[in-house]
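Protein chains in written order, with this note's numbering: chain A, 31 to 435; chain B, 4 to 106; chain C, 111 to 829; chain D, 6 to 177.
Ideal Cβ placement from N, Cα and C applies to all residues, glycine included.
Worksheet: one structure, shown below.
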Amino acid sequence: MPFLNDPINFIAGWAHRVLTGWGLVDSLATIIIYLIGTTILIVFAMFLDIMLVWVERKVVARFQDRIGPNRIGPFGLIQPFADIIKMVIKEDITPAGADRIVYNIAPVLAASSVIILWAILPLASSIYGVDLNVGLLYIVAAGSLGSLAIIMAGWSSNNKYALLGAFRMVANMISYEIPMVIILLVPTILADTMSIRGITQAQSGMWFAILSPLAFIIFLISAIAELGRSPFDLNEAESEIVSGFNVEYSGMKFGWFYAGELLHAFTFGGFIAVLFFGGYGGFFGLEKIAFFAWLKNPFIQTVVFMAKAMFGYWVIMWIKYSMPRIRIDHMLAFNWKFLTPLALVVLVNTAILSKVLVNLPTWGYAMGMFSSNLVIGFITIEILRAYGRKQRKVEDRLAAQVAQN
Amino acid sequence: MSIPLSWYLILAATLFCIGLFGVLSRRNAIAILLGIELMLNAVNINLVAFWRYRDPAQMAGQVFAVIVFAVAAAEVAVGLALIISVYRRSNTIVADDIDLMKW
Amino acid sequence: MENYIIWLLPLPPLLSFFLIILFTNKNKKISHSIAIGAAGLSWLGSMAVFICALGVKEFGKHVYGSAINWLPTGTTWFKIGVMIDPLSAAVVFFVAWTVLAIFIYSVGYHNFGQPKGDHDIAGLPPHGATITDQHGHQHTVPSIEPMYSRFFAFISLFAFGMYTLVVSDNLLTLFVGWEIMGLCSYLLIGFWFGKPSARNAAVKAFMTTRIGDVFMLLGIAFIYSFTGSLSFRDIFKPGMLQALASTPAFFGLSAAGIIGLLLFIGTVGKSAQWPLHVWLPDAMEGPTPVSAMIHAATMVSAGVYMVIRMFPLISAGWTVGMPLNTTMGVIAFIGAFTALFAATIAVAQNDIKRVLAYSTISQLGFMIAALGIGAYVAAAFHLVTHAFFKALLFLGSGSVIHGMEHGEMHTGDHSVDPQDMFNMGGLRRRMPITFWTFLIGGFALSGFPILTAGFWSKDEIFAEAFGNGHMVVFIVLAVAAFLTAFYTMRQITLTFFGKPRTEVAEHASESKWTMTLPLIVLAVFAVGCGWVGIPEKFPVLGGILPNWFHEFVGSTLAEVPKAVTFSWTPLLTSLCVALGGLFCGWLAYRKVQSPVEDKLQIPLLKNKYYFDELYNFLFVKPAGWFSEKFAYLFMDRTVIDGILHSVARFSLFLGGFFRNKIDKPVINEFIGDGTGNVVKASGSRLRKIQAGRIQYYMVASVAFLVIFALLYYYLIGGM
Amino acid sequence: MTVEQIIFIITGLFTLGSAFMVVTTQKLIQAALWLVSALFGVTILYAILQADFLAVVQVVVYIGAIAVLFIFAVMLTRKELRDQGSQTRSNWWIAALLGALVLAGLVFLIIGEPAFNRMAQAIPAGVDTLRNLGTALVSPDAYVMPFEVASVLLLSALVGAVYIASRKGEEK
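If you want it as structure tokens, here you go:
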């Protein structure tokens with residue numbers, strides 16, 4: 031059944047035939063079909079986004095020992111739609127002295143910087159927007175568009191808290207882009223490509239999270255920083271700068287920021303799944319057995335991908351609702367003095383080992399990579415412990431001096 | 004495939020001249036740097052277009068574009084640092100007012 | 111190995127000199143530790159070399175030595191090197207001992223360990239310090255020398271000079287050591303430069319020895335121009351000596367004779383022979399260890415050593431039994447004359463150190479005379495024994511003076527001259543060690559029979575002079591020896607015997623162990639070192655010990671001199687003059703209480719035959735007149751100043767002309783100011799271009815770019 | 006006129022229009038944002054030219070870093086956020102004249118050269134331009150020297166910028 035095995039191309043081919051049958055030229059038909067496909071993808075993402083509101087609220091409630099939305103619809107499933115209605119009918123305020131155009135573009139740019147990420151996210155082996163050969167860099171590029179959106183929002187609001195939030199956000203994002211770019215080179219080396227699909231396929235036998243757990247952890251940390259979620263939510267920091275860059279936004283404009291953030295988190299869950307947990311595949315060769323051939327079905331793969339992405343999203347939420355915010359100087363020091371050097375070490379280690387171990391069988395290769403990561407992790411923890419001990423001694427001495435005086 | 008090379012070249016030339024105009028006409032030092040960025044981008048368009056239209060297997064055009072990126076980044080970093088430093092000292096970034104080196 | 115150790119012998123004192131001068135001159139203890147340590151190291155090396163040399167058979171034929179290329183002279187090299195032959199081995203032996211003894215003695219002499227003086231200033235002898243003991247009594251005690259470290263630096267350098275001189279195998283490095291000692295003698299005689307007498311003495315010593323040194327340098331230049339080498343081994347080759355002896359030069363002398371004479375004049379200066387003897391008595395102004403250094407261990411010995419060293423040259427063409435050649439005759443005459451002449455002066459001196467100074471001159475005359483009559487070994491023997499007993503006597507006299515000064519401190523009577531023998535008397539009870547050692551030294555000087563070293567060496571000179579028929583020399587020396595014994599006994603009697611003649615002498619006290627220990631050591635040598643040279647034919651004692659010294663030192667010469675035939679005449683003469691002199695001295699002075707009672711205070715002798723006055727009249731006054739009247743008033747003020755003034759006036763005129771007629775109008779106003787004005791004017795117009803505004807520049811450059819592009823296209827591209 | 010040409014023309018006009026706004030708008034922040042938009046247009050041109058890597062790097066470097074830096078610099082160099090007075094020099098017409106002259110000359114030259122009328126050939130199958138670019142940048146036969154020099158330049162620019170902009174030494 032062609033539809034079940036390759037639904038997108040099946041529908042696209044059918045639509046193409048229909049349009050050309052209507053007398054359109056070939057190229058125009060292709061463009062129209064691309065536009066339709068893009069629209070469908072965005073609609074899908076936005077629908078998912080709406081459901082994520084519910085997921086987020088449910089999960090945070092559970093973390094906080096509450097029940098969460100439960101009145102509207104079964105399990106409160108209709109709650110997000112009610113939220114949307116509320117937001118849309120709220121008054122749309124533009125503050126005096128704001129740069130009107132920029133002020134209005136910013137939320138759109140914020141949301142779209144997330145949505146364009148879906149262009150390269152492969153839901154299944156045959157369901158994806160585009161297979162860019164520079165996919166990993168594309169993630170970074172989209173992230174920089176997000177930071178631009180936040181600056182625009184912060185500046186155009188004509189509000190000092192907003193501007194402070196924007197500054198903090200940019201410092202945060204630009205700093206954490208560095209370990210992120212470095213650590214994205216680890217999957218690149220392991221898969222020998224920057225294409226997201228290529229990376230997914232390279233993990234059909236072994237997840238990269240096993241080959242390089244440290245890379246996974248570093249990516250997770252810098253992804254959270256990129257998202258601006260707790261413990262890196264300095265751009266909002268309700269207790270300090272009210273609400274940061276979006277303090278002046280109300281109604282649906284705020285809604286776009288909110289939705290963008292949620293979808294961003296889920297999207298990064300998806301990237302964690304794709305880059306480190308095999309994405310839609312990654313069954314350790316299980317699908318090669320005839321009995322499990324159904325695992326190659328695109329719909330099954332989509333379900334698998336969504337489950338993995340949801341797991342990543344859940345980890346991000348878990349961290350968000352368990353950790354306090356850290357100070358900005360600590361955050362920058364943590365990045366420049368710890369995360370970046372560690373990322374460089376992991377990268378060099380991966381680059382060397384991938385050449386040294388190239389002739390080993392899969393399990394030997396995996397063992398070598400994994401154990402080298404363990405060694406690096408152990409050394410890192412020892413260094414941190416020694417540093418911590420020293421720091422505590424210094425603080426004790428200072429405390430003793432203060433007590434004496 | 005249906006675009007002549009000259010289109011790119013003319014586009015790049017126009018962009019370059021707009022940048023040149025910006026560099027020569029703006030009062031603000033940062034705006035001058037903006038114009039320079041436009042000029043650099045025009046150059047890059049030329050480089051990439053020549054790469055594409057001559058022999059895509061020869062990477063010289065792209066390599067030079069990459070190096071122009073690096074130069075642009077370095078130039079902006081140092082240039083803006085200088086401008087901020089000047090602003091701290093003389094409280095202005097109008098290029099015509101920064102004339103300590105005159106006469 | 112021994113060949114290379116020799117290089118190291120002079121080194122420690124030099125290092126010590128620089129270390130003290132540069133680094134440790136603030137710390138007295140470290141300074142004297144360094145100096146004595148260096149002297150000890152050199153002593154150790156010297157003893158090692160000496161003992162090794164004793165083990166070598168026929169050492170004179172197999173000397174130690176090594177040489178390096180130093181200065182390229184055309185195609186050949188001028189070599190410098192070191193050498194230890196039997197003569198220098200003997201010399202280095204006594205130098206090492208006496209130097210070490212004097213170094214140790216200096217620690218005590220300069221009152222190490224005593225407090226700083228109350229009013230002491232650098233350049234004057236310490237005056238003493240006042241301390242309060244636990245009972246509250248105030249005492250005046252000797253104070254430490256202010257320039258203590260400097261003293262040790264200088265005597266280290268002095269020792270370096272002497273060691274260099276002794277181990278040299280050529281005349282050049284010998285001369286270098288010689289001159290270093292000249293410098294050090296200047297520095298040390300003038301050590302208390304606050305005293306005018308010390309200053310004058312230092313200048314006098316330096317100038318007088320300079321006369322000799324100039325002649326010596328002439329001799330060295332002559333010998334180098336003749337032989338092309340300054341190395342002893344080259345010069346003393348038989349062929350070379352033959353050539354030197356047979357080449358006629360000036361005044362009817364051979365080249366060897368002239369060279370020998372010139373070098374001998376150097377010795378006359380250095381070893382204070384008549385007529386250049388005048389500096390040595392005055393040199394007593396320096397601290398007593400310096401006197402010992404100069405008169406016993408190093409400086410004057412160096413002169414005699416040099417002339418002994420050059421004996422093969424001086425005696426070239428002469429063999430034992432032949433009549434003396436002219437040079438040797440001159441040497442013998444001067445030596446014998448000086449011996450007698452100085453001895454007569456010594457009889458009339460009252461200063462304890464001056465007596466010793468004249469006795470030194472006299473004894474050096476003995477050696478020179480011995481050498482002059484060809485008694486090579488005897489001269490060397492007397493050099494060694496004299497070094498020991500004269501060092502002993504000087505250090506002993508220093509101890510006496512020290513004791514007297516102690517007495518002065520005690521009584522507080524500073525009018526008494528602590529060096530005048532008539533102020534002493536009876537010190538044998540107060541200073542027993544000093545007395546006994548001084549007695550030994552004095553007897554050795556007098557040639558007290560059998561026991562003392564001086565007897566054996568002097569006896570050998572008598573024997574040689576008598577045996578070889580130089581009766582004039584023999585008689586003169588015998589008289590001198592009698593006088594020597596006489597004034598020695600006079601000194602001992604006046605100083606140590608009888609009753610104290612002043613209160614100061616009554617309170618004199620024995621010196622510290624650092625001063626008495628060297629005295630004892632030197633006393634042992636003053637007795638014992640004569641026994642190595644007992645003639646084999648000597649009645650009873652001869653043959654018990656072999657005449658080792660004669661064989662050892664004699665082997666230095668190409669032809670080992672035969673020991674002279676034994677004869678009773680010189681022996682009896684020697685016994686008579688020594689014992690007689692001693693007895694007469696004691697007899698004459700045991701009752702004398704003051705200079706007035708002294709029959710020998712003859713003005714002629716007292717004033718040293720008026721030599722100082724003579725020299726003053728003959729040389730100093732004319733030189734003063736010449737420099738005042740002729741050089742200053744006529745040459746300098748009239749002639750040279752006149753020329754200079756006229757040159758200056760002319761230059762002034764020329765300068766004024768150039769300034770007013772050329773420089774001011776042409777160069778300054780036209781070229782200088784004109785260029786400046788033009789540049790300034792054009793600059794003030796052109797500077798508008800440099801607006802300091804970046805965009806002006808950019809506009810200008812783009813505009814020119816456009817214009818040039820258009821020009822290029824239409825003029826060149828269009829063609 | 007093909008679809009590609011239409012896309013090109015739209016992109017080109019968008020780019021040039023943004024660039025024009027960059028040099029004429031009176032608000033500097035907006036000028037910087039217009040620069041972003043112009044650079045985005047250039048990105049699309051790179052994409053049309055099939056230089057994927059450069060397109061993405063253009064976004065990362067220019068939009069993500071340089072434009073943000075510009076905005077920062079604009080914000081840091083004023084006492085209040087509003088712009089005051091004219092941003093254009095009084096003799097802007099000279100600049101306009103020069104720009105027009107240069108443009109006219111360049112266009113004249115470009116049009117006069119027939120070789121510039123060529124069309125692009127399809128990139129041969131099997132040529133992986135990204136891999137080629139990577140190899141060229143680190144291959145000793147190709148451009149490793151310029152690449153390393155550029156990295157040294159970046160490092161020195163980093164150090165220099167930090168030094169110049171640091172407040173040390175200015176504190177009285």
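key: Residue range of the unbroken beta strand (DSSP E) whose run includes leucine 181 of chain C   = 174-183
Closest by C-alpha distance to valine 216 of chain A, when choosing among A:Ala255, A:Phe246 and A:Thr297 = A:Phe246
request  = Just list the alpha helix (DSSP H) runs in the region 333-375 of chain A, keeping only unbroken ones of 4 residues or longer that don't cross its boundaries, in chain order.
outcome  = 358-363
key: asparagine 44 of chain B, DSSP secondary structure in three states   = helix
request  = Report the rounded CA-to-CA distance for leucine 103 of chain D versus glycine 22 of chain B, giving the unit in angstroms.
outcome  = 12 Å
query = Alpha carbon to alpha carbon, how far is glycine 17 of chain D from serine 384 of chain A?
reply = 44 Å
query = At least one CB of chain B closer than 8 Å to the CB of glutamine 55 of chain D: is that the case?
reply = yes
request  = Would you please verify whether the beta carbon of methionine 62 of chain B is less than 8 Å from any beta carbon of chain D?
outcome  = yes
Residue nearest to phenylalanine 301 of chain A in terms of C-alpha spacing, selected from A:Phe313, A:Phe341 and A:Leu78 = A:Phe341
ask   = So, helix, strand or coil for phenylalanine 248 of chain C, using DSSP?
value = It should be noted that the sequence gives glutamine, not phenylalanine, for residue 248 of chain C. It is a strand residue.
query = Which word fits arginine 227 of chain A, buried or exposed, when buried means at least 16 other C-beta atoms lie within 10 angstroms of its C-beta?
reply = buried
inquiry  = Tell me the DSSP secondary structure of isoleucine 12 of chain D in three-state form.
reply    = helix
Contacts around glycine 246 of chain C, its chain only, beta-carbon distance under 7 Å, and the 5 residues preceding and following it disregarded = none
inquiry  = By the 7 Å beta-carbon criterion, what residues does the region 26-46 of chain B contribute toward chain C?
reply    = Val26 and Leu27
request  = Please determine, among C:His172, C:Lys136 and C:Ala206, the residue with the shortest C-alpha to C-alpha distance to leucine 632 of chain C.
outcome  = C:Ala206
request  = Decide if the region 129-145 of chain C is in contact with the region 243-263 of chain C; the criterion is three or more beta carbon pairs, one per stretch, under 8 Å apart.
outcome  = yes
query = Is there at least one Cβ from chain C nearer than 8 Å to leucine 83 of chain B's Cβ?
reply = no
key: Runs of alpha helix (DSSP H) wholly within the region 285-359 of chain C (minimum 4 residues, chain order)   = 306-337, 342-345 and 348-356
request  = Tell me the start and end of each unbroken alpha helix (DSSP H) in the region 660-743 of chain C that is at least 4 residues and wholly inside, in chain order.
outcome  = 678-699, 713-716, 721-725 and 731-735
request  = Pick out whichever of C:Ala200, C:Asp243 and C:Pro252 has its Cα sitting closest to the Cα of histidine 220 of chain C.
outcome  = C:Pro252
inquiry  = With a threshold of 8 Å between beta-carbons, can isoleucine 116 of chain D be considered close to chain B, or not?
reply    = yes
task = Could you give the DSSP three-state label for aspartate 57 of chain D: helix, strand or coil?
result = helix
Residue interval of the beta strand (DSSP E) (run including tryptophan 185 of chain A) = Note, tryptophan 185 of chain A: premise wrong, no beta strand (DSSP E); alpha helix (DSSP H) at 165-186.
request  = Taking isoleucine 70 of chain B as the query, report the chain D residues whose CB atoms sit under 7 Å from its CB, ordered along the chain.
outcome  = Pro151 and Ala155
inquiry  = Between glycine 766 of chain C and chain B, is any beta-carbon pair separated by less than 8 Å?
reply    = no
ask   = asparagine 163 of chain A touches chain D at which residues, Cβ-Cβ below 7 Å?
value = Asp57 and Leu135
query = DSSP three-state call for isoleucine 157 of chain A: helix, strand or coil?
reply = strand
request  = Report yes or no: is there a C-beta of chain D within less than 8 Å of the C-beta of serine 88 of chain B?
outcome  = yes
key: Extent of the continuous alpha helix (DSSP H) run through phenylalanine 197 of chain A   = 190-221
ask   = What runs of the beta strand (DSSP E), each 3 residues or longer, lie entirely inside the region 227-277 of chain C?
value = 239-242 and 248-251
ask   = Short check: CB of valine 559 of chain C to CB of alanine 688 of chain C, under 8 Å?
value = Reading the sequence as shown, one finds proline at residue 559 of chain C and not valine. For proline 559 of chain C and alanine 688 of chain C, yes; Cβs fall inside 8 Å.
key: Meets three-Cβ-pair contact criterion under 8 Å: the region 68-85 of chain A and the region 24-41 of chain D   = no
query = Contact between the region 454-463 of chain C and the region 423-435 of chain C: three or more CB pairs below 8 Å?
reply = no
key: Beta-carbon neighbours of methionine 182 of chain A, restricted to chain D and to distances below 8 Å   = Leu38
request  = Evaluate leucine 145 of chain D with the Cβ neighbour count: other Cβ atoms within 10 Å of its Cβ, from every protein chain shown; 16 or more gives buried, anything less gives exposed.
outcome  = In the sequence on display, residue 145 of chain D carries proline and not leucine. The residue in question, proline 145 of chain D, is exposed, as its Cβ has fewer than 16 Cβ neighbours within 10 Å.
message = Could you give the first and the last residue of the continuous alpha helix (DSSP H) run that contains lysine 116 of chain A?
response = 109-119
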